[in-house]
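Accompanying notes for the structure given below.
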Amino acid sequence: MKRLIYNIKRIPLFVSLLTISFFLQGQDDISKPHSSAITPERIAVLPEGERTAWPQYYDRSQSILNSDKAVLAAELKANNLSAPLPAFNDDPNGLHIPKRAELSWFSKPEARAIADAIVSFQTPSGGWSKGVGFNSGLRKPGMHWTTKADGWYYVGTFDNGATTGQLIALSKFHQATKDPKYAAAFTKGLDYIFVAQYPNGGWPQNYPLVGWYHDAITFNDNAMTNVVQFLKDVAEKEEYSFVDKQRREKARIAFSAGVSCILKAQIKENGELSAWCSQHDPLTLAPTPGRSFEPASVSGWEGANVVSFLMSIDSPSPEIRKAVEGVVLWFQKVKVTGIEIQSKLNNAGGRMFVAVPNPAAPPVWARFYELKTNRPIFLDRQSKIYYTMSELDQSGDGRGYHWYVTQPGGMLARYAAWHEKWNPEPGRITLHARDVAIKGKNARLENESNIGYWSDPDTSFEWQADIPAGVYLVKMNYALAPGQEGSEIQIKVGDAVFKVTPPATGGWEDYRLMELGKIEIKKDGKVLVELKALSKKNGFIMNMAAVKLAKED
């Protein structure tokens, strides 16, 4: 076997000494071996066709890491500091940008102060750390880019929305001010993303590479999908027109490679597709552990987020459609019913979650499912596996961990519309909530998928539908939490009127089809379809995803 040689960029002696003094402090985690860390030894046993790209990637990462450290070490020497100052701390990301802020806000003095701080905390290689407080001022010489100054802690990362969040903000600042320094910082950050992309299309959690599980392709906290979505936006959206054509095309190519990596990483067992792990090995794409209580497994939370991202892609390829259909079947198979998850205080005064029997509760999904068996699993901080949450000692956990999640329910509700959009069936007409005209107040469209928060009985909903002549079976796709049932509704399709009192479905995200009856449309043309409440018994009337008409032979 040909010996692989890695060229580590030489740095001055004073940098090496300072590296010993503080860069390796506080690094207990990454000093331990981890199965997903990229090392020369692991690269050396890759298939022959992969032994060119990966050594080049690793060598470049090491060189960039040394260069970043050299910049900080030089600042320390110039300012006579023995150790770096910690970056301003904030939780979680410190952007301090108002939600749904108008573009005009980004040109205000207080906004520009945040923008300048964001630029000042950009690492030499182009990324950002997480948890930095950008409303506390500019980075000072000798200040670390991360809030933990005793090591190389998430210095450049995609965790918790870092780097992509700063780049999205910088694009807004540039649009509002036309200040070239914001465009320059954006371009530097975009190039950082390009350089950080693995040869197989994925991204590490941290870049440059620092080892341990931080080298893994990370779906936890949407790290991977945030990057891929951002690149899609750069390639397609008008707001990124300030980016040169070459980089926008490069973003499109990187996006496609990222999607391909996601599809290849989807877990397949016994010939059936399931979901994804919280993180995947960067070299093999196999599921890999994260922290001590995050095992190699199939994830209910991350899996739902990944498939929601895939469903957002227009004109999905056959491969994407196959991936979505497979994971949806898996989520339907592994849902957990009959329990309600409640929060309570533990002995340490922190939060913990308990499962309480409740036959009427909506379905939930485990955060982690055991590979091969699909059994829910729960781990303590020593990585011991339990098969019920009640066995797990949560007494010392100060934050609480979401061992069960509900996100797949919302994803499954959106899936129905996605499936019908890309798999149309002859003779079937679906009137989606996203196309409705809302007449009144106290109801709104949620996640482009359903009518929600319907509390005013005077609010009604209308569709104008093109319906060919024929006989149709009418159904409605709705959700209704236990305790909220009892309201009478009316659906009118042309001259046909249906009055029903829908029963509870199990929860606000538990959508079910209810047959209303048959109608006859005597001639082709526009038909008014109207939904309204005839009475209201409790706080909310129901959630509505669609009215469906199936033509009979």
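The working numbering puts the first residue of the sequence shown at 691, with every later residue one more than the last.
Cβ coordinates follow ideal geometry from the N, Cα and C atoms, glycine included.
Nothing here was measured: the structure is a model prediction, and the numbers come from that model.
So, do the segment 746–758 and the segment 808–815 have three or more beta carbon pairs nearer to each other than 8 Å? The segment 746–758 makes contact with the segment 808–815; the number of CB pairs closer than 8 Å reaches 3 or more.
Bridge partners of D1055, per DSSP? Residue identity differs from the one stated: residue 1055 is Trp in this sequence, not Asp. Looking at the DSSP assignment, W1055 forms a beta bridge with V1095.
DSSP state of I1181 mapped onto helix, strand, coil: Looking at I1181 - three-state DSSP - the assignment turns out to be strand.
T813: first and last residue of the uninterrupted beta strand (DSSP E) it sits in: Here T813 belongs to no beta strand (DSSP E), and DSSP marks it neither H nor E.
Under the three-state DSSP convention, the category H864 falls into: helix
To the nearest angstrom, report how far apart V1237 and D1125 are at their CA atoms. 11 Å
Assign K1034 to buried or exposed, taking buried as 16 or more other Cβ atoms, counted over all protein chains shown, within 10 Å of its Cβ. Counting Cβ neighbours within 10 Å, K1034 comes out exposed, since fewer than 16 surround it.
Ordered along the chain, which non-local residues of its own chain (more than five positions away) have a Cβ less than 7 Å from that of I728? Y748, L899, D905, P972 and L973
Excluding sequence positions up to five away, which residues of its chain have a Cβ less than 6 Å from the Cβ of H1122? A1107 and A1236
Quick one: what's P1047 bridged to in DSSP? I1029
For K1241 versus L1203, is the C-beta distance shorter than 8 Å? No. Outside cutoff.
Alpha carbon of E1110 to alpha carbon of H1092, nearest angstrom: 32 Å
So does the segment 1170–1185 actually touch the segment 1221–1229, counting three or more Cβ pairs closer than 8 Å? With the cut-off at 8 Å, the segment 1170–1185 and the segment 1221–1229 touch.
Distance between R1065 and I1266 (C-alpha atoms, nearest Å): This structure does not reach residue 1266, given that the chain is present from 691 up to 1243, and the question cannot be answered.
Of all the beta strand (DSSP E) runs that stay within the bounds of the segment 769–853, which reach a length of 3 or more residues? none
Backbone CA spacing between D911 and V1183 [nearest angstrom]: 44 Å
What does DSSP give as the partner residues of D1156 in its beta bridges? K1216
On the DSSP bridge list, what partners appear for I907? Checking the DSSP bridge columns, you'll see I907 partnered with P894 and H970.
N- and C-terminal bounds of the alpha helix (DSSP H) containing N995: DSSP places N995 in the uninterrupted alpha helix (DSSP H) bounded by G990 to M1001.
Compute the Euclidean distance between the alpha carbons of G1196 and P1172, then round it to the nearest angstrom. 6 Å
Environment of E1115 [buried if 16+ CB atoms lie within 10 Å]: exposed
Can you check DSSP and say which residues form a bridge with E962? E959
Identify, in the order they occur along the chain, each residue of the same chain with its Cβ nearer than 7 Å to the Cβ of P788, setting aside the five sequence neighbours on each side. W795
Among T978, G1039, A1045 and P894, the one whose alpha carbon lies nearest that of S751: P894
Nearest to D881 (by Cα), restricted to the options P889, T867 and L857: L857
Length of the line joining the Cα atoms of A1155 and Y1143: 24 Å
Terminal residues of the alpha helix (DSSP H) in which Y882 lies: P870 to A886
Between L793, P799, K868 and D1004, which has its C-alpha nearest E926's C-alpha? D1004
Could you name the residues of the same chain whose beta carbon sits closer than 8 Å to that of N1048, not counting the 5 residues immediately before and after it, in chain order? G1028, I1029 and E1030
Contact check, T854 vs V917, beta carbons under 8 Å: yes
Near R1118, which residues of its chain fall below 8 Å by C-beta distance, leaving aside the five closest residues on each side in sequence? E1110, K1238, L1239, A1240 and K1241
Alpha carbon to alpha carbon, how far is V1026 from V1095? Give it in angstroms, no decimals. 10 Å
Rounded to the nearest angstrom, how far is the Cβ of S819 from that of A777, given a contact under 8 Å? 7 Å
Report, in whole angstroms, the separation of the C-beta atoms of L766 and G832, which I expect to be a contact under 8 Å. Taking a contact as a CB-CB distance under 8 Å, the pair L766 and G832 counts as one, their CB atoms being some 5 Å apart.
Taking the straight line between their C-alpha atoms, what separation do you get for A941 and S931? 13 Å
Under three-state DSSP, which class holds M1232? coil
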